[in-house]
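What follows is one structure encoded as structure tokens, with my remarks underneath.
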Amino acid sequence: MPETPQPISLPEKPALEGLEAKWNARWEGDSTYQFDGARDRKDVYSIDTPPPTVSGSLHIGHVFSYTHTDVIARFQRMRGKAVFYPMGWDDNGLPTERRVQNYYGVRCDPSLPYDPSFQPPDKPPKPPISVSRPNFIELCARLTAEDEKVFEHLWRYLGLSVDWTRTYATIGRSAQRVSQAAFLRLLKRGIAYQLEAPTLWDVDFRTAVAQAELEDREHPGAYHRIRFEIEGAGPAEGGGAGPAKAGRYVEIETTRPELIPACVALVAHPDDERYRPLFGRNVITPLFGVPVPVKPHPLADPEKGSGIAMICTFGDITDVTWWRELSLPVRAVLLPNGAFRQVQWGAEGWESRNAAAAQDAYDQLANLSAVKARARVVELLQQSGDLIGEPRPITHPVKFYEKGDRPLEIITSRQWFIKTMDFREQLVARGRALQWHPEYMRHRYENWVNGLAGDWCISRQRFFGVGFPVWYPVRADGTVDYAQPLVPEESRLPIDPSTDVPDGFTAEQRGVPNGFIGDPDVMDTWATSSLTPQIASGWLEDPDLFTRVFPMDLRPQAHDIIRTWLFSTVLRSELEHGSLPWTNAGISGWVLDPDRKKMSKSKGNVVTPKALLEEHGSDGVRYWAASGRPGTDTAFDPAQMKVGRRLSIKILNAARFALMQAEPRGPITEPLDRGMLTRLAVLVNDATRNLEAYDYARVLEQTEAFFWSFCDDYLELVKSRRYGDFGPEGAASANSAMLVALSTLLRL
RNA sequence: GGGCGGUUAGCUCAGUGGUAGAGCACCGGCUUUACACGCCGGGUGUCGCAGGUUCGAGCCCUGCACCGCCCACCA
5 MPETPQPISL PEKPALEGLE AKWNARWEGD STYQFDGARD RKDVYSIDTP PPTVSGSLHI
65 GHVFSYTHTD VIARFQRMRG KAVFYPMGWD DNGLPTERRV QNYYGVRCDP SLPYDPSFQP
125 PDKPPKPPIS VSRPNFIELC ARLTAEDEKV FEHLWRYLGL SVDWTRTYAT IGRSAQRVSQ
185 AAFLRLLKRG IAYQLEAPTL WDVDFRTAVA QAELEDREHP GAYHRIRFEI EGAGPAEGGG
245 AGPAKAGRYV EIETTRPELI PACVALVAHP DDERYRPLFG RNVITPLFGV PVPVKPHPLA
305 DPEKGSGIAM ICTFGDITDV TWWRELSLPV RAVLLPNGAF RQVQWGAEGW ESRNAAAAQD
365 AYDQLANLSA VKARARVVEL LQQSGDLIGE PRPITHPVKF YEKGDRPLEI ITSRQWFIKT
425 MDFREQLVAR GRALQWHPEY MRHRYENWVN GLAGDWCISR QRFFGVGFPV WYPVRADGTV
485 DYAQPLVPEE SRLPIDPSTD VPDGFTAEQR GVPNGFIGDP DVMDTWATSS LTPQIASGWL
545 EDPDLFTRVF PMDLRPQAHD IIRTWLFSTV LRSELEHGSL PWTNAGISGW VLDPDRKKMS
605 KSKGNVVTPK ALLEEHGSDG VRYWAASGRP GTDTAFDPAQ MKVGRRLSIK ILNAARFALM
665 QAEPRGPITE PLDRGMLTRL AVLVNDATRN LEAYDYARVL EQTEAFFWSF CDDYLELVKS
725 RRYGDFGPEG AASANSAMLV ALSTLLRL
């Protein structure tokens, strides 16, 4: 029933301008969106808000997807739920480091001592200044704090109904504590482990990267046909024709001739008649004179190149597979920075039939990058006559770190892993139990789980991140015993192993014989953000809250990070709690520019939200965002924002009309009024049903259609009656019906 | 090579078995006391292609084409 309206002063010309500030102050003052921590789990709706990466500015894509979540939050709140809707900031990790480097003009050099008085110059200097790791981390914290203020202001201006008392940061103490505790528990159970193994490696960032962070890019390259001499095959045996001469030489094709010094074998398919006679025999690498075996392996594709491939340590991940399965030795030539290292030819592992010649050739490669070394090797091969014909340029897919600029290499290093391969079945089952919106997005998850190729590498050789809470004993001879890590009590967390000291040791024992050293690495950002439900829910610090909000109701996120964030969160929850972390996954699409390309900073087509919000009003922008259906990529369209703005102004004017002469009021008796309210009730029921199914876009469409008809038909028909032209009873019915409709439509 | 989505009016998109829709854009008319940031009116489609199921198909089934995305061992 209509409430008695408070006396209000109606503006002559209602406007959208200023509404954001007005309502933010009201919401803040009334703690409107503060979570009621006394409510039972069944009365709670909890949201695992995506913490946006704090490395620059929010763009219109953020506004788009966060609006979707806000619509759901407001719906659930109106349904009577206590809505748990925190905000997080993802401020650790590489994007932050990179932004800090550019913003202040600094580089982190972990070998430098801390300088407490260090202040960055006003303008980023060139070349950048080297600063210590603690100084670097201070700058990261400083810049992210500033960025987070800007982000919060934008979110408030947009009108997100977030509980701002529950904000967390992935580099904050609570998050570090959760991240480290969860890691230690997995370590105890043997699910987290460390391994020295060939790992995908970015030579610019100088860190390991995980499978989930790879992307293929079309990259120019060239096939080089190169001959290897068959050991013991004199010219007398020669002859033979075609690509698989059974004569003195065998020819391979490669895109990476610079790795010939790292060649450890050739490989062909076991059934390949052309190369069968060579299995078990050796060939001699060109330039370097190293005898390497020819091996059969079913992975070798007779159709590719000449059908016989060179195995190097390591040119690609197939090399790693062959190397492991054929038990081949390692001849690594690349340093972590991507340069060719020094090699003593003739020493153990680098035996050559002509060590002097090998040394002479190799010394021309040492210190070069892969690209430069390739050019040099090609020249050398041309001189020696081992390059057959000219290199044939091609474009082929090459694996890159998604944030990287140069192709990934494979470097052997000690890294931390979390087991995933052992849990694939459970993970698939969890994915099937999860409610996906839209439904078809589950395929991406399942596809990914079924395609996992190895356990999850979580260590990164970086600085601004959550450290591994472990130290290693240093033996009497000064070597490090990685197999027996020293771990702290959980109550000590979070710790920084580079400054904190393990129990039973003193700070003076750091790095000395019979002392200890801290683990130098930090965790991958996903290793921490995979725990956002636990971080936000007070897993370790507020068990009462945890039982009221976990498992959470909704994970909203975009489809491009199903394989990273969604997958890793499901994994961690499965490992830690044996449950799903949430019951629903609401997957947003992307915002595409008018050319249907994804908007992203690297493409330079990003539209910043601030100006749009000011021009069209937060309601106008939210209107556009809410028209994007779950999972559907949506074109950036200011025209729709204009429509939203007009709709908002229309609502203000309709409200003005309804409120300007709200008396007399009384029973709703007129058929026209009752019919309108009946249709409105149907709309409310439909809207409720559709919002429960996360179809907010349909609700917008239906509500909007009703509203325009309400204005253009109903209000026009009722106008003279409500002014009293047909008596007080008709006016009373009209006024009362109008006020109910107004109140209901505002909430819709 | 595998998976997923899309293909409907000039544009952006709804529409999952019963006479093809909305908004935008475009044109014309209206200073009607909530709103000119408004109202009224105007027409537009071999619903990607080919088969099939059905009394009836934009919608269901099969195949194909094109566009996009995700994944895959990149010699």
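In our numbering, the protein residues as written are 5 to 752.
Here a beta-carbon is modelled for each residue, glycine too, at the ideal position from N, C-alpha and C.
**Request:** Using the Cα positions of Ser-134 and Val-110, report the straight-line distance between them to the nearest angstrom.
**Result:** Position 130 of the first sequence, counted from the start, is the residue given in the question as residue 134. Position 106 of the first sequence, counted from the start, is the residue given in the question as residue 110. Straight-line Cα distance between these residues: approximately 6 Å.
**Prompt:** Comparing alpha-carbon positions, which option in Ile-312, Leu-303, His-273 and Glu-307 lies nearest Val-287?
**Reply:** One-based indexing of the first sequence puts residue 287 at position 283. Checking every option, the nearest Cα to that of Val-287 belongs to Ile-312.
**Buried versus exposed call for Gln-481 [16 or more other C-beta atoms within 10 Å across all chains shown]** = Mapped onto the first sequence, residue 481 falls at position 477. Before going on, a small fix: residue 481 reads as Asp here, not Gln. Counting Cβ neighbours within 10 Å, Asp-481 comes out exposed, since fewer than 16 surround it.
**Request:** Please list the segments of the alpha helix (DSSP H) lying wholly inside the stretch 688-718, counting only runs of 4 or more residues, in order along the chain.
**Result:** 700-713
**Nearest-angstrom beta carbon gap, Arg-81 and Ser-178 [assumed within contact, 8 Å]** = Along the first sequence, read from residue 1 onward, the residue named residue 178 stands at position 174. Along the first sequence, read from residue 1 onward, the residue named residue 81 stands at position 77. About 25 Å separates the two Cβ atoms, so there is no contact after all.
**Message:** Beta-carbon within less than 7 Å of Glu-219's beta-carbon, same chain only, minus the 5 sequence neighbours each way: which residues are those?
**Reply:** Position 215 of the first sequence, counting from 1, holds the residue named residue 219. Around Glu-219: Phe-404 and Glu-406.
**Message:** By alpha-carbon positions, which one of Asn-588, Ser-747 and Pro-340 ends up nearest to Asp-557?
**Reply:** Along the first sequence, read from residue 1 onward, the residue named residue 557 stands at position 553. When each option's Cα is compared against that of Asp-557, the closest is Asn-588.
**Request:** Tell me whether Asp-409 is buried or exposed, calling it buried when 16 or more other Cβ atoms sit within 10 Å of its Cβ.
**Result:** Working through the first sequence from its first residue, we reach residue 409 at position 405. Looking at its Cβ environment, which holds fewer than 16 other Cβ atoms inside 10 Å, Asp-409 is exposed.
**Request:** Check whether the Cβ atoms of Trp-452 and Ile-591 sit closer than 8 Å, and answer yes or no.
**Result:** Residue mapping note: residue 452 aligns to position 448 of the first sequence, counting from 1. Residue mapping note: residue 591 aligns to position 587 of the first sequence, counting from 1. In this structure, Ile-591 does not lie closer than 8 Å to Trp-452 by Cβ.
**Extent of the continuous beta strand (DSSP E) run through Asp-206** = Translated into the one-based positions of the first sequence, residue 206 becomes position 202. From DSSP, the beta strand (DSSP E) with Asp-206 extends over 196-206.
**Request:** Please go through the stretch 307-338 and give each complete alpha helix (DSSP H) segment of 4 or more residues, from N-terminal end onward.
**Result:** 321-329
**Cβ-Cβ separation, Ile-392 to Arg-229 (assumed contact under 8 Å), whole Å** = By one-based count along the first sequence, residue 229 stands at place 225. By one-based count along the first sequence, residue 392 stands at place 388. At roughly 4 Å, the Cβ-Cβ gap stays under 8 Å, so Arg-229 and Ile-392 are in contact.
**Spatial neighbours of Ala-173 in its chain, beta-carbon cut-off 6 Å, leaving aside the 5 residues before and after** = Mapped onto the first sequence, residue 173 falls at position 169. Taken in chain order, the residues that qualify are Trp-93 and Asp-95.
**Prompt:** Which whole-angstrom value is the C-beta distance of Leu-158 and Pro-613, which I expect to be below 8 Å?
**Reply:** Translated into the one-based positions of the first sequence, residue 158 becomes position 154. Translated into the one-based positions of the first sequence, residue 613 becomes position 609. At roughly 6 Å, the Cβ-Cβ gap stays under 8 Å, so Leu-158 and Pro-613 are in contact.
**Message:** Going by DSSP, what residue range makes up the alpha helix (DSSP H) through Ser-740?
**Reply:** Within the first sequence, residue 740 is the residue found at index 736, counting from 1. Its alpha helix (DSSP H) spans residues 732-751.
**Prompt:** Taking C-alpha atoms, which residue in Pro-114, Ser-463, Val-516 and Cys-461 lies nearest to Arg-479?
**Reply:** The residue given as residue 479 occupies position 475 in the first sequence. That would be Val-516, whose Cα lies nearest to the Cα of Arg-479.
**Asked** Does DSSP put His-273 in a helix, in a strand, or in coil?
**Response** The count along the first sequence starts at 1 and reaches residue 273 at position 269. Three-state DSSP puts His-273 in coil, outside helix and strand.
**Exposure label - Thr-71; buried when at least 16 CB within 10 Å** = The count along the first sequence starts at 1 and reaches residue 71 at position 67. It counts as buried.
**Item:** Residue from Thr-258, Leu-282 and Ala-212 with nearest C-alpha to Ala-226
**Value:** Here residue 226 corresponds to residue number 222 of the first sequence, with the count starting at 1. For the residues Thr-258, Leu-282 and Ala-212, the minimum Cα distance to Ala-226 belongs to Thr-258.
**Prompt:** Which value, in whole angstroms, describes the spacing of the CA atoms of Thr-636 and Gln-644?
**Reply:** In the first sequence, the residue the question calls residue 636 occupies position 632. In the first sequence, the residue the question calls residue 644 occupies position 640. Thr-636 and Gln-644: Cα-Cα distance of roughly 16 Å.
**Request:** Would you list the one or two residues that DSSP bridges to Gln-419?
**Result:** For the purposes of this step, residue 419 is taken as the residue at position 415 of the first sequence. For Gln-419, which the question treats as bridged, DSSP gives the partners Leu-199.
**Prompt:** Name the DSSP beta bridge partners of Gln-439, please?
**Reply:** Indexing the first sequence from 1 puts residue 439 at position 435. For Gln-439, which the question treats as bridged, DSSP gives the partners Asn-588.
**Trp-530: first and last residue of the uninterrupted alpha helix (DSSP H) it sits in** = To locate residue 530, count along the first sequence from 1; it is residue 526. Element bounds for Trp-530: 529-533.
**Request:** Give the DSSP-derived three-state secondary structure of Tyr-476 in the structure shown.
**Result:** As a working mapping, residue 476 is identified with position 472 in the first sequence. Looking at Tyr-476 - three-state DSSP - the assignment turns out to be strand.
**Request:** Please name the residue, chosen from Ile-234, Gly-350, Cys-715 and Glu-443, that lies closest to Pro-281 on a Cα-to-Cα basis.
**Result:** To locate residue 281, count along the first sequence from 1; it is residue 277. Taking only the C-alpha atoms, the option nearest Pro-281 is Ile-234.
**Asked** Is Val-382 helix, strand or coil by DSSP?
**Response** To locate residue 382, count along the first sequence from 1; it is residue 378. Correct three-state label for Val-382: helix.
**Message:** Taking 6 Å as the limit between beta carbons, can you name the residues of its chain near Gln-184, skipping five residues before and five after?
**Reply:** Here residue 184 refers to the residue found at position 180 of the first sequence. Same-chain partners within the cutoff: Pro-473, Leu-497 and Pro-498.
**Item:** Same chain, Cβ closer than 8 Å to Pro-748, five either side skipped, listed in chain order
**Value:** Along the first sequence, one-based indexing puts residue 748 at 744. Before going on, a small fix: residue 748 reads as Thr here, not Pro. Hits under 8 Å: Leu-684 and Val-688.
**Message:** Less than 8 Å between the beta carbons of Ala-433 and Val-337, yes or no?
**Reply:** For the purposes of this step, residue 433 is taken as the residue at position 429 of the first sequence. For the purposes of this step, residue 337 is taken as the residue at position 333 of the first sequence. No, Cβ-Cβ distance for Ala-433 and Val-337 is not below 8 Å.
**Asked** Around the C-beta of Ala-629, are 16 or more other C-beta atoms found within 10 angstroms, so that it is buried, or is it exposed?
**Response** For the purposes of this step, residue 629 is taken as the residue at position 625 of the first sequence. Burial call: buried.
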